[in-house]
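Engineer:
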Amino acid sequence: MVEATLTHGQSLSSGRSDRAWRWVTILSIFFVLVALWSLTVGATDLNIIRLFNSFFGIEALSRRDEVVLYQIRFPRLIMGMLVGASLACSGAIMQGLFRNPLADPGVVGVSLGASLGAVIMIVLGNSVLIGVSEILGVYDVPIAACIGAWTFTLILYAISSIRGQTSVALLLLGGIALGAIVGAIVGLITYFADDNELRELTFWNMGSLAGVTWPKVISSAPLMVIVLMAVPFLAKMLNGFAMGEAVANHIGINVQNAKRVLIVAVAISTGAAVAVSGGIGFIGLVSPHLVRVTLGPDHRYLLPAAGLIGAILLIVADSIARVIIAPAELPLGIITAIIGGPFFIWMLLRGGGTRL
Amino acid sequence: MSLFVKDLSVAYNKKTVLDGLSCEFQAGQFSIIVGPNGSGKSTLIKALAGEQRYAGRIVIEGQDQQKIPNWKLATMRGVVPQSVQVSVPFTVREIVEIGLSASPTRIKHPHRWHDALEECGLQGFENLYYHELSGGEQQRVQLARVRCQIWEPVYEDVPRWFILDEPVSSLDIRHQIQVMDIAKRFAAGGGGVIAVMHDLNLSAMYSDRMILLNNGEIYDNGEAQQVVSSDNLNTVYHQGWEVNIREDKKIPYVLPQIRN
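One line per chain: the protein sequences are A and B, in this order.
Residue numbers for the first sequence follow my numbering, so the first one is 110 and each next one is one higher.
Residue numbers for the second sequence follow my numbering, so the first one is 3 and each next one is one higher.
#1: Against chain A, does isoleucine 100 of chain B count as a neighbour if the rule is that its beta carbon must be under 7 Å from one of theirs?
#2: Beta carbon of glycine 387 of chain A, beta carbon of alanine 446 of chain A: below 7 Å?
#3: Consult DSSP for threonine 322 of chain A and reduce its assignment to one of helix, strand or coil.
#4: If I follow the unbroken beta strand (DSSP E) through proline 254 of chain B, where does it start and stop?
#5: If you pair each beta-carbon of the region 240-260 of chain A with each one of the region 327-334 of chain A, do three or more pairs fall below 8 Å?
#6: Can you pull the chain B neighbours of histidine 398 of chain A, defined as C-beta to C-beta under 8 Å?
#7: Show which residues of chain B have a CB atom less than 9 Å away from the CB atom of isoleucine 271 of chain A.
#8: Valine 245 of chain B by DSSP, collapsed to three states: which one?
#9: Pull up the CB-CB distance for isoleucine 418 of chain A and alanine 197 of chain A, whole angstroms please, since I reckon it's below 8 Å.
#10: Measuring only the C-alpha atoms, how far is glutamine 259 of chain B from tryptophan 243 of chain B?
#11: When the Cα atoms are used, what is the spatial distance from histidine 113 of chain B to arginine 187 of chain B?
#12: Buried or exposed: glutamine 204 of chain A, going by 16 or more other Cβ atoms within 10 Å of its Cβ?
#13: For chain A, find out if any of its Cβ atoms is closer than 7 Å to the Cβ of tryptophan 153 of chain B; answer yes or no.
#14: Please give the ranges of any alpha helix (DSSP H) in the region 35-86 of chain B, keeping only runs that are unbroken, at least 4 residues long and fully inside the region.
#15: Do histidine 408 of chain A and alanine 355 of chain A have their C-beta atoms closer together than 7 Å?
#16: Name, in chain order, the residues that DSSP records as bridge partners for glutamate 121 of chain B.
#17: Nearest CA to the CA of lysine 48 of chain B: which residue from B/Ala76, B/Val82 and B/Arg147?
#18: Write down every uninterrupted run of the alpha helix (DSSP H) in the region 145-200 of chain A whose length is 4 residues or greater and which is fully enclosed by it, in chain order.
#19: Cβ closer than 8 Å: which chain B residues qualify as neighbours of glycine 349 of chain A?
#20: From threonine 18 of chain B to phenylalanine 301 of chain A, what distance separates their C-alpha atoms?
#21: Select from B/Phe32, B/Val94, B/Leu202 and B/Gly30 the residue whose C-alpha is nearest the C-alpha of glutamate 120 of chain B.
#22: Please report the Cβ distance between serine 209 of chain B and phenylalanine 92 of chain B, rounded to the nearest whole angstrom; I am assuming they are in contact, meaning their Cβ atoms lie under 8 Å.
#23: In chain A, which residues lie with their C-beta within 7 Å of the C-beta of asparagine 72 of chain B?
#24: Hey, is glutamate 53 of chain B's beta-carbon within less than 7 Å of any beta-carbon in chain A?
#25: Measure the alpha-carbon distance for glycine 64 of chain B versus glutamine 228 of chain B and round it to whole angstroms.
#26: Within this structure, are the beta carbons of glycine 283 of chain A and serine 270 of chain A separated by less than 7 Å?
#27: Is it right to say phenylalanine 342 of chain A is buried, meaning 16 or more other beta carbons lie within 10 angstroms of its own, or is it exposed?
#28: DSSP on serine 24 of chain B, reduced to helix/strand/coil?
#29: Is it buried or exposed, lysine 325 of chain A, if we count other Cβ atoms within 10 angstroms and call 16 or more buried?
#30: Closest Cβ-Cβ distance between alanine 76 of chain B and chain A: below 7 Å?
#31: Check the C-beta distance from glutamine 151 of chain B over to alanine 104 of chain B and give it rounded, since I have them as a contact under 8 Å.
#32: Applying a beta-carbon distance threshold of less than 8 Å, which residues of chain A neighbour glutamine 84 of chain B?
#33: Identify whether tryptophan 163 of chain B lies in helix, strand or coil by the three-state DSSP scheme.
#34: Which residues does DSSP pair with asparagine 216 of chain B in a beta bridge?
#35: Can you pull the DSSP bridge partners for lysine 110 of chain B?
#36: When the distance is taken between beta carbons, is alanine 384 of chain A closer than 7 Å to isoleucine 202 of chain A?
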């Protein structure tokens with residue numbers, strides 16, 4: 110235990126928040142190491158020494174290796190970390206907003222809302238919505254996904270909240286019911302898609318970072334970066350909400366505005382993540398929960414730590430996805446679901462719905 | 003240097019709880035609102051805390067409460083609710099630091115949470131889980147949180163307001179006195195204290211002014227010797243009450259009349 114000395118001579122034992130900050134630092138270092146490691150994983154052999162030699166101009170890579178590193182693995186790494194951090198943070202924000210640790214954009218269906226927005230834009234962007242698509246340019250699918258996620262979250266919040274309290278049963282059941290409706294609409298639109306659109310939809314639906322290129326990064330990264338940069342400012346709101354809306358109001362939070370900001374933050378980060386990577390589940394559930402059981406629920410460090418864990422988990426899962434059945438590639442969504450599904454059941458069994 | 007309420011009316015559905023209530027609270031005073039159940043005490047304190055919609059005006063230091071942005075209001079007044087349910091397993095220190103996060107002097111005094119815990123008799127509690135504490139301990143943690151938020155009774159020459167909703171309802175007699183002392187010191191330091199209480203004896207002992215509510219209106223308003231009278235109490239509380247005066251301090255105290 111580190112001891113801080115006060116001016117009046119008393120010693121002050123460090124609480125878990127001091128420990129938590131140390132862990133955030135350790136996680137940041139680990140995150141950098143994992144990121145570097147992931148650049149070396151794949152069919153082309155690029156060990157860490159060659160990587161550094163290339164970074165510092167000591168040894169030039171072959172043209173082919175250079176393309177693999179800078180045009181394939183780098184954009185994929187950046188997308189992986191942004192998607193992982195965004196999904197984890199939107200999970201943590203949603204759990205704080207709904208005051209329930211089981212609220213996750215994937216579990217309650219917000220990702221489905223985002224999918225609907227994306228599917229509408231993919232299929233109708235060449236016909237009915239061509240004007241909108243032209244105005245938004247590369248941002249058309251991400252923005253459509255954000256709007257889909259936002260609408261879904263708003264409706265879900267209205268269904269599941271009674272006088273500021275969220276009912277878990279209503280939240281999960283409302284998510285299922287809304288998800289069914291959204292699924293039906295997605296099915297209907299898919300039915301009318303042509304061959305090209307169908308191919309695009311299928312790849313996208315599987316949840317994968319394969320085929321991420323720099324233009325794709327540029328189309329969705331800014332949206333995710335905006336929310337991630339706002340995260341430190343959301344912590345006070347979420348801590349206030351944990352003590353109920355009345356206390357949040359007393360400590361200076363404009364509750365109605367804060368709710369709007371939080372819902373928009375969830376919608377943007379989930380929407381942008383889903384638009385680029387499809388259905389990657391459970392990151393938003395697993396990462397904040399791991400932080401909560403080890404470091405505690407204070408959002409000042411819960412958000413950054415969960416973001417880092419989300420990024421690490423996604424980078425690791427993506428690295429596994431591209432080598433486990435090499436030379437083919439497993440969709441990333443399958444790996445996160447294989448790990449996340451049992452984790453979710455474990456959380457339910459240990460009473461996560463009522464205790465945390 | 004005051005907080006005043008003008009023509010305050012609140013109605014739930016069709017039931018009028020407060021009907022055109024007006025009064026003024028002075029900074030530097032400990033004002034205590036008393037009255038029977040259903041007299042409108044809680045509604046008045048909720049309106050003062052900004053939790054309750056109302057018709058009329060509440061003016062803090064010359065500004066209409068409804069026009070002051072929340073962040074600014076949080077630097078001018080702190081509110082201790084009767085009880086607070088926390089949805090996540092926060093430690094005591096984390097809760098008190100939430101109060102600190104709303105204080106304008108948080109950067110200058112990052113260890114204020116420690117002073118607040120000490121003041122509320124909670125030294126050594128910082129790493130305990132809030133949800134594992136007793137009701138009375140939780141109430142004192144909330145008090146410490148609000149003290150952190152408004153530590154100085156006067157900030158930048160403007161008095162701050164300390165609003166307490168039945169602050170001693172879950173406390174033993176020792177801690178009741180401790181909490182009342184904290185509030186009294188805040189008023190003595192130049193801040194304004196407004197509390198809702200049920201205990202008439204404690205209120206008479208500590209208050210600079212008492213406001214007796216009945217049926218949503220002010221029945222009497224003044225010093226304890228005036229308000230705590232057998233006439234007032236027998237009308238408002240519909241019982242036989244015996245009011246005596248403590249010889250040493252000239253403070254009234256109330257006993258129920260013994261019925262044979």
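Don't be surprised by glycine CBs; every beta carbon is placed ideally from N, CA and C.
The structure displayed is predicted, hence computed values, not measured ones.
Structural biologist: Taking the structure as given:
#1: Yes, isoleucine 100 of chain B counts as interfacial toward chain A.
#2: Cβ atoms of glycine 387 of chain A and alanine 446 of chain A: not closer than 7 Å.
#3: Three-state result, threonine 322 of chain A: coil.
#4: Membership of proline 254 of chain B in the beta strand (DSSP E) is indicated by the continuous run 253-258.
#5: Put simply, the region 240-260 of chain A touches the region 327-334 of chain A. At least three CB pairs are less than 8 Å apart.
#6: Going along chain B, no residue has its Cβ under 8 Å from histidine 398 of chain A, so there is no contact; the nearest lies around 12 Å.
#7: Going along chain B, no residue has its Cβ under 9 Å from isoleucine 271 of chain A, so there is no contact; the nearest lies around 15 Å.
#8: When DSSP states are grouped into helix, strand and coil, valine 245 of chain B belongs to the strand group.
#9: Under the criterion of beta carbons closer than 8 Å, isoleucine 418 of chain A and alanine 197 of chain A qualify as touching, at roughly 6 Å.
#10: Their Cα atoms are separated by approximately 5 Å.
#11: Going from the Cα of histidine 113 of chain B to the Cα of arginine 187 of chain B covers about 21 Å.
#12: Taking all protein chains shown into account, glutamine 204 of chain A has 16 or more neighbouring C-beta atoms within 10 Å of its C-beta and is therefore buried.
#13: So, not an interface residue.
#14: List check, alpha helix (DSSP H) in window: 43-50 and 72-78.
#15: No Cβ-Cβ contact shorter than 7 Å links histidine 408 of chain A with alanine 355 of chain A.
#16: DSSP output for glutamate 121 of chain B lists no bridge partner at all.
#17: In this structure, B/Val82 is the residue among B/Ala76, B/Val82 and B/Arg147 with its C-alpha nearest to the C-alpha of lysine 48 of chain B.
#18: If we require 4 residues or more, the alpha helix (DSSP H) runs fully inside the region 145-200 of chain A come out as 157-164 and 172-176.
#19: Correct list: Ile100.
#20: Put simply, the backbone Cα of threonine 18 of chain B is about 59 Å away from that of phenylalanine 301 of chain A.
#21: Of the listed residues, the one whose Cα sits closest to glutamate 120 of chain B is B/Val94.
#22: Not a contact, Cβ separation roughly 33 Å.
#23: Close to asparagine 72 of chain B, with beta-carbon spacing below 7 Å, are these residues of chain A in chain order: Asn358, Gly361, Ile362 and Asn363.
#24: Contact with chain A is found for glutamate 53 of chain B, since one of that chain's Cβ atoms lies less than 7 Å from the residue's Cβ.
#25: The straight-line gap from Cα to Cα measures roughly 29 Å.
#26: 7 Å or more divides the Cβ of glycine 283 of chain A from the Cβ of serine 270 of chain A.
#27: Under this definition phenylalanine 342 of chain A is an exposed residue.
#28: Three-state DSSP puts serine 24 of chain B in a strand.
#29: A residue is called buried when at least 16 other Cβ atoms come within 10 angstroms of its Cβ; lysine 325 of chain A meets this threshold and is buried.
#30: Answer yes: the Cβ-Cβ gap between alanine 76 of chain B and chain A drops below 7 Å somewhere.
#31: 5 Å between Cβ atoms; contact.
#32: Within 8 Å Cβ-Cβ: nothing; glutamine 84 of chain B doesn't reach chain A, min ~10 Å.
#33: Tryptophan 163 of chain B falls in the strand class under three-state DSSP.
#34: Answer by DSSP bridge pairing, in chain order: B/Glu219.
#35: BP columns for lysine 110 of chain B are empty, so no partner.
#36: For isoleucine 202 of chain A and alanine 384 of chain A, no; Cβs fall outside 7 Å.
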